[in-house]
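Peer 1:
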Amino acid sequence: MNGDAVRWIRPREAVTINVIAFGEGSVSVDRVTVGLCRLRAVGAFDMSNRGILDEAICTAARASPKIIEIDLGDVRFIDAGVVRVLMERRAALAADGCVLRVVDATGLPAMVLDLTRTRNELCG
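Numbering (UniProt numbering), first residue to last: 1 to 124.
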């Protein structure tokens with residue numbers, strides 16, 4: 001990742017991540033409210049580009065929200081490595097008092113969460 005992939009805008013304390021896009025997947029901020037940052041992922045994420053999802057989560061965490069939600073409603077595919085990234089970030093954020101939650105996982109992403117037995121932890 002180069003330093004130009006993520007830019008911060010700070011209008012009145014709100015923090016926004018511009019769209020981060022490489023290959024098949026992109027992540028943008030869908031909503032920012034007091035204590036909540038909702039990221040919207042689009043496309044497909046696997047070993048070739050899962051780092052952009054990780055970087056987006058880490059960047060959102062710098063704003064110190066209480067909850068970071070990742071909307072997977074427009075994601076066609078994730079692999080087990082993406083699930084690992086989500087679980088690792090979830091644990092790291094929990095240590096800092098922040099909840100990482102996946103929302104609107106359907107289709108293949110939902111199947112992968114079920115197969116890896118992580119749906120309850122990530123979506124609950």
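Every residue, glycine too, gets a C-beta built ideally from N, C-alpha and C.
Leaving out five residues on either side along the sequence, give the residues of the same chain with a beta carbon under 6 Å from the beta carbon of R50.
Peer 2: G81, V82, V85
Peer 1: Which whole runs of the beta strand (DSSP E) in the UniProt domain "MlaB-like STAS" (39-116) are 3 residues long or more, in chain order?
Peer 2: 67-78, 99-103
Peer 1: Is the CB-CB distance between L113 and L122 below 8 Å?
Peer 2: yes
Peer 1: With burial defined as no fewer than 16 other Cβ atoms inside 10 Å of the residue's Cβ, what is the status of E88: buried or exposed?
Peer 2: exposed
Peer 1: Taking the CB atoms as reference points, tell me whether A96 and R40 lie closer together than 8 Å.
Peer 2: The sequence shown places Asp at residue 96, rather than the Ala named in the question. Cβ atoms of D96 and R40: not closer than 8 Å.
Peer 1: For the alpha helix (DSSP H) holding E24, just list the boundary residues, first then last.
Peer 2: Careful: E24 lies outside any alpha helix (DSSP H) and carries neither H nor E.
Peer 1: Measure from the alpha carbon of E55 to the alpha carbon of each residue in L36, S28, L72, A44, then state which is nearest.
Peer 2: S28
Peer 1: Do you know whose CA, among I70, L115, R119, G25, lies nearest T47's CA?
Peer 2: Sequence inspection shows Met at residue 47; the Thr mentioned does not correspond to that position. When each option's Cα is compared against that of M47, the closest is G25.
Peer 1: Since R62 contacts L108 with CB under 8 Å, what's their CB separation in whole angstroms?
Peer 2: The pair is not a contact, with the Cβ atoms about 30 Å apart (cut-off 8 Å).
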